[in-house]
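Sequence lines, in order, name chains A and B. Quick note on my numbering: the first sequence kicks off at 8 and runs consecutively. Quick note on my numbering: the second sequence kicks off at 57 and runs consecutively. Glycine included, every Cβ here is placed at the ideal spot set by N, Cα and C.
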Amino acid sequence: MSRKPSMPQVERDERTPQIARGAAFTVEVDGRALSAHDGESVLGVIWAAGIRCLRRTASKKEPRGFFCGMGTCFDCLVQVDDRHNVRACLEPARPGMRIATRAKSAG
Amino acid sequence: MQAEVAIIGGGPAGMSAAVAASECSAQVVLVDEYAHMGGQFFKRAADQFRLQSQQLSAEHRAGETLRQRVAASGVEVLSSTLVWSAFGKTLMLYRDGKSFPLQAAAIVLATGACDRPVAFPGWTLPGVMTAGGAQTLSRTQWVKPGHRVLIAGAGPFVMPVAQQVLRTGAEIVAIVEATRPAEWWRHAGSMWGQWPRFSEAFGYWRNLRHVPVLYGHKILRAFGTDGVEAVEITAVDRAWRAVPGTLKRYEVDAVATAYGFLPNTEAADGCGCELLWDPHGQAWFVKHDAGMATSVPGVYAAGEITGIAGSAVAMEEGRIAGISAAEYLKKIKPAEAEQRRRPSVVERAHLMRFAGALNECFGPRPGLWEGLEDATTVCRCEEVTAGDVRSCVRAGCATMKGIKDWTRAGMGPCQGRICRSLIAQLVAQESSTDPATVQRPRIRPPFKPVPFDAMALSE
């Protein structure tokens, strides 16, 4: 898309130093502060931090991660601030977001 | 809200349809579930990423060109907006916590496809994902799906996925392809004249030359406790049935599966469009005529929901559908519509030969579903196993509806989008019938979950 005329803030991530990312900020995931960049999805932030279990199933308590990454499977549902059942794969990360996975609770 | 032509889906087909209908002076509203148009094929990192040109995907430029044409055409684009129901040609939309109607005079369905889910022991472990998911994570986020990734599937889609995963710095321990090159030559005749496809394939081959490829193998099971730690693959015969004694094990922390695609037909179902069973794709696609008209007057279809054929075909079909929709609204005369459609009809026919050959060559074979262990989960949401489904069929309940009522399979948040095709295959096996004869479940709104208060308080 069109590049903005002002000098953009560019940040890099130590895991992928070759990539110029958007402005850095932190989000909270299950009480833990994680670094994120403007333009990333909630799933991108979570997966980059090495968090893989997003929920435990109701009866067998099996771990589930994300599966389709395109809004079809609803396996990556998280709570974002006061919004429940948000698809992490489609939700843009924003500064100060409080994100809760369902890794501890059943369901 | 009103539209002369409402387009559902902002991928290659939807964007092309929007431009074409708008060129015929129709007032167009394009509804897209994602934040950025492009669908799956043209998905890209957000603008905040400052990627260098060599970091952009091969299709990046074509995607940007099409997006700019939509932007310049005066089409109204509703992004991050879900179509959750259709009452005649009134679509119910959900956006940002609110639900509202869109009254359309004509509709173009361009809802695309998602990866075909494949069940095997351990497929529910975190780290096992669809190839599309691995591609999204690597291309739009530049995040490694895992440090050691195995990609298993059939067909050319593994190549762009593998290439993008490599670019994030992840290691690909193996590409596991179910077919063998010896099976491909039978289709060489259909490939004649499709030169751009060859140069594309050569580019991938060069970039992936250091990645081990195992032909005639498939994934058998994944192991791990809190996430995938290892996988076993096996050699397969022509029907993709496992050959005993050929197991290989890999330590991995991510697995991507790429066994083809399934069309997203919920909205087509909701509009009352007739679907047809395709034996090569083992899926139901939207029935359409040469002008991309569905069985419902004023409703058109384009792209993967009419048959898995790739983005080039999707764009031609989008143009055809957009022009046909404008003709339906009498924006242009039939003769002019015919003339405008002709180049796309010719090009589509040429491209379809290639797409048809790919589907025949790499389409799923029976071994993909046979031998599923009873303990293996098929419905991820409601934790229903293959054994649960089989016992249901053996007890005399061999319909999708019956299995849903008995086991809850398909009643979770994915509403059966992931498990539906797997269950249909199990039912067919267990009752020794063709999956084509297994009655499809009735699709009811909402097409995807929408908060109840938003539905109740619809404008």
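*Check whether the Cβ atoms of R105(B) and G29(A) sit closer than 8 Å, and answer yes or no.*
Working through the second sequence from its first residue, we reach residue 105(B) at position 49. Working through the first sequence from its first residue, we reach residue 29(A) at position 22. Residue 105(B) is actually Phe in this sequence, not Arg. Result yes, Cβ atoms of F105(B) and G29(A) sit closer than 8 Å.
The alpha helix (DSSP H) enclosing F508(B), as first and last residue numbers
For the purposes of this step, residue 508(B) is taken as residue 452 along the second sequence, with counting starting at 1. Taken as a continuous stretch (DSSP letters only), the alpha helix (DSSP H) holding F508(B) covers 508-512.
Next item on the list: Could you please give the first and the last residue of the uninterrupted alpha helix (DSSP H) stretch that includes L264(B)?
Entry: The sequence position of residue 264(B) within the second sequence is 208, counting from 1. Premise fails: L264(B) is in no alpha helix (DSSP H) and is neither H nor E.
Practice prompt. Could you check if W251(B) is buried or exposed, using at least 16 other CB atoms within 10 Å of its CB as the buried criterion?
Written response: Residue 251(B) sits at position 195 when you count from the first residue of the second sequence. Under a 10 Å Cβ-count criterion, W251(B) is classified as exposed, with fewer than 16 other Cβ atoms of the shown protein chains found around its own Cβ.
Does any residue of chain B bring its CB to less than 8 Å from the CB of D45(A)? As a first step, residue 45(A) must be located in the first sequence, where it is residue number 38. It does; some Cβ of chain B falls within 8 Å.
Fill in: A169(B) CB to nearest heavy atom of the ligand SAM below 7 Å
You won't find the ligand SAM in this model; it holds no ligand whatsoever.
_Contacting residues, own chain, Cβ-Cβ under 8 Å from V221(B) (five flanking each side not counted)_ = Within the second sequence, numbered from 1, the residue matching residue 221(B) stands at position 165. Only A190, Q191, S194, K200, P201, V205, I207, I228, A312 meet the Cβ criterion.
| How big is the Cα-Cα spacing for Y315(B) and K389(B)? | Taking the second sequence and counting its residues from 1, the one referred to as residue 315(B) is at position 259. Taking the second sequence and counting its residues from 1, the one referred to as residue 389(B) is at position 333. Rounded to the nearest angstrom, the two C-alpha atoms are 43 Å apart.
May I ask you to list, following chain order, the residues of the region 62-85 of chain A that have a beta carbon less than 8 Å from some beta carbon of chain B? Listed by position, the residues of the region 62-85 of chain A near chain B (Cβ gap below 8 Å) are T64, A65, S66, K67, E69, P70, R71, G72, F73, F74, C75, G76, M77, G78, T79, C80, F81, D82, L84.
task = Would you check if there are 3 or more beta carbon pairs closer than 8 Å linking the region 131-142 of chain B to the region 498-512 of chain B?
result = Because the criterion of three Cβ pairs below 8 Å is met, the region 131-142 of chain B and the region 498-512 of chain B touch.
- Rounded to whole angstroms, what's the CA-CA distance from R10(A) to E115(B)? Just pull it up for me. Indexing the first sequence from 1 puts residue 10(A) at position 3. Indexing the second sequence from 1 puts residue 115(B) at position 59. Low confidence applies here, because R10(A) scores a pLDDT of 47, under 50, leaving its location unreliable; read the following figure in that light. Near 19 Å, if we compare the C-alpha coordinates of E115(B) and R10(A).
| message | On a Cα-Cα basis, can you pick out the residue from R436(B), M148(B), A142(B), R172(B) that is closest to L181(B)? | response | Looking up residue 181(B) in the second sequence gives position 125. Considering only alpha carbons, the answer is R436(B).
| Assuming E360(B) contacts P319(B) under a Cβ cut-off of 8 Å, what Cβ separation, rounded to an integer in Å, is found between them? | Taking the first residue of the second sequence as 1, we reach residue 360(B) at position 304. Taking the first residue of the second sequence as 1, we reach residue 319(B) at position 263. Contact holds; Cβ gap of about 5 Å.
- Task: Could you confirm whether any beta carbon from chain A is found closer than 8 Å to the beta carbon of D345(B)?
- Result: For the purposes of this step, residue 345(B) is taken as the residue at position 289 of the second sequence. Under the Cβ criterion of 8 Å, D345(B) is not counted among the residues facing chain A.
request  = Within its chain, find whatever has a CB closer than 7 Å to the CB of P12(A); leave out the 5 residues flanking it on each side and keep chain order.
outcome  = Within the first sequence, numbered from 1, the residue matching residue 12(A) stands at position 5. Since pLDDT at P12(A) reaches only 49, below the 50 mark, its modelled position is unreliable, and the value read off the structure follows with that caveat. Result list for P12(A): empty, nothing under 7 Å.
Worksheet item: Could you give the distance in angstroms between the alpha-carbon of A451(B) and the alpha-carbon of E288(B)?
Response: For the purposes of this step, residue 451(B) is identified with residue 395 of the second sequence, where counting begins at 1. For the purposes of this step, residue 288(B) is identified with residue 232 of the second sequence, where counting begins at 1. Across the structure, A451(B) and E288(B) are spaced so that their CA atoms are roughly 33 Å apart.
For Q250(B), decide whether its Cβ has a neighbour in chain A, counting only Cβ atoms nearer than 8 Å. To locate residue 250(B), count along the second sequence from 1; it is residue 194. Interface criterion not met: the Cβ of Q250(B) is under 8 Å from no Cβ in chain A.
Among P353(B), A166(B), R223(B), Q338(B), whose alpha-carbon lies nearest the alpha-carbon of R56(B)? Outside the shown range of chain B (57 to 515) lies residue 56(B), about which nothing can therefore be said.
Does the region 116-128 of chain B come into contact with the region 37-46 of chain A, if we say contact requires no fewer than three beta-carbon pairs (one atom in each stretch) closer than 8 Å? Touching, no.
(message) Counting only C-beta atoms, is R236(B) closer than 8 Å to chain A at any point?
(response) For this step, residue 236(B) is matched to residue 180 along the second sequence. Taking Cβ atoms only, chain A never reaches closer than 8 Å to R236(B), which makes this a no.
Quiz item: Which residues bound the beta strand (DSSP E) around D35(A)?
Solution: The residue given as residue 35(A) occupies position 28 in the first sequence. Here residue 35(A) turns out to be Glu, not Asp, going by the sequence shown. Taken as a continuous stretch (DSSP letters only), the beta strand (DSSP E) holding E35(A) covers 31-36.
>> Is F105(B) close to chain A? Criterion is C-beta to C-beta, closer than 8 Å.
In response: Here residue 105(B) refers to the residue found at position 49 of the second sequence. Yes, F105(B) lies at the interface with chain A (some Cβ there is under 8 Å from its Cβ).
Would you mind giving the Cβ-Cβ distance between I364(B) and V434(B), rounded to the nearest angstrom? I have them listed as a contact below 8 Å.
Within the second sequence, numbered from 1, the residue matching residue 364(B) stands at position 308. Within the second sequence, numbered from 1, the residue matching residue 434(B) stands at position 378. Between V434(B) and I364(B) the Cβ distance is about 22 Å, and since that is not below 8 Å, they are no contact.
request  = With distances taken Cα to Cα, identify the nearest neighbour of V292(B) among G66(B), F156(B), L424(B), E383(B).
outcome  = Mapped onto the second sequence, residue 292(B) falls at position 236. Of G66(B), F156(B), L424(B), E383(B), the residue nearest in Cα terms is L424(B).
Checklist entry - Taking F97(B) as the reference, which of A298(B), V355(B), V369(B) has the closest Cα? => result Along the second sequence, one-based indexing puts residue 97(B) at 41. Measuring from the Cα of F97(B), the nearest candidate turns out to be V369(B).
*Helix, strand or coil: how does DSSP classify F503(B) here?*
Against the second sequence, residue 503(B) aligns to sequence position 447. Note: F503(B) maps to coil in three-state DSSP.
* the region 140-158 of chain B: positions lying closer than 7 Å to chain A by Cβ -> Cβ contacts with chain A: none found.
Check your understanding: Does A199(B) get closer than 8 Å to chain A when you measure Cβ to Cβ?
Key -> Within the second sequence, numbered from 1, the residue matching residue 199(B) stands at position 143. Here residue 199(B) turns out to be Val, not Ala, going by the sequence shown. Contacts with chain A at 8 Å (Cβ-Cβ) include V199(B).
Give the single residue among M57(B), H203(B), A74(B), I64(B) whose Cα lies nearest to the Cα of G326(B). Counting from 1 along the second sequence, the entry for residue 326(B) is found at position 270. Minimum Cα distance to G326(B) is reached at I64(B).
Next on the checklist: With the cut-off set at 8 Å, would you say A27(A) and V36(A) are in Cβ contact?
Outcome noted: Position 20 of the first sequence, counted from the start, is the residue given in the question as residue 27(A). Position 29 of the first sequence, counted from the start, is the residue given in the question as residue 36(A). At a Cβ-Cβ threshold of 8 Å, A27(A) and V36(A) do not count as neighbours.
(message) Against chain B, with Cβ distances strictly below 8 Å, would I26(A) count as a contact?
(response) Here residue 26(A) refers to the residue found at position 19 when the first sequence is read from its first residue. Chain B contact via Cβ: present.
### Query
Going along chain B in order, which residues have a C-beta closer than 7 Å to the C-beta of T33(A)?
Working through the first sequence from its first residue, we reach residue 33(A) at position 26. Within chain B, no residue comes near T33(A); the closest Cβ sits about 16 Å away, beyond 7 Å.
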